[in-house]
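If you read the sequence shown in the numbering used here, its first letter stands for residue 1, the second for the next number, and so on.
Since the structure comes first, as structure tokens, the remarks are kept for the end.
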Amino acid sequence: MLEMLSLLACFACAEAASLPVPDGGTPVDVELVLAVDISQSMDEDEFALQRAGYVEALRHRDFINAVRSGTNGRIALAYFEWAGVVRDDGVIAWQVIDGED
């Protein structure tokens, strides 16, 4: 566990590099994958709350300001839900985020 925390701390302190979006298009500061556990330990209300929380966080002014403060001012984000397997209806392909839209 301590080794994992050390690794995460190294990533957090590393200088951001300019990375291309996976399709080779627009350069981004970060490629972020949200891999969301939707196992049977959660009910539909909890799933909905979790999804709403991600949407709220991604629209939050502090998050948008952080995205815009990067070298390129944008990130790429992909989202998928899984519970042993990845659900086709729970996948959002790579999207570039550079503002509130």
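Heads up, the beta-carbon is just placed ideally off N, CA and C, and yes, glycines get one too.
Within the same chain, show all residues whose beta-carbon is closer than 6 Å to that of residue i, passing over the 5 residues directly before and after it, in chain order.
i: V36; result: E81
i: R74; result: V28, V96, D98
i: A76; result: V21, V28, E31, W94, V96
i: E100; result: I64
i: D43; result: none
i: I103; result: Summary: the structure shown does not reach residue 103, with the chain confined to residues 1 through 101, and so no result is reported for it.
i: Y79; result: L34, I92
Given that a residue counts as buried once 16 or more other Cβ atoms are within 10 Å of its Cβ, and exposed if not, what is residue i?
i: V67; result: buried
i: A93; result: exposed
Suppose the cutoff is 8 Å on Cβ atoms and the five residues either side in sequence are ignored; what does the same chain contact list for residue i look like?
i: L58; result: L77, I97
i: V85; result: none
Starting from residue i, trace the beta strand (DSSP E) both ways and give me its first and last residue.
i: D37; result: 31-37
i: E100; result: No beta strand (DSSP E) holds E100; DSSP gives it neither H nor E.
i: A76; result: 75-82
Locate the alpha helix (DSSP H) running through residue i, then write down its first and last residues.
i: Q40; result: Segment: none, Q40 is in no alpha helix (DSSP H) and carries neither H nor E.
i: N65; result: 61-68
Note down, in chain order, each residue of its chain lying with its Cβ closer than 7 Å to the Cβ of residue i, except the 5 sequence neighbours on either side.
i: Y54; result: L34
Since residue i contacts residue j with CB under 8 Å, what's their CB separation in whole angstroms?
i: A83; j: Q40; result: 7 Å
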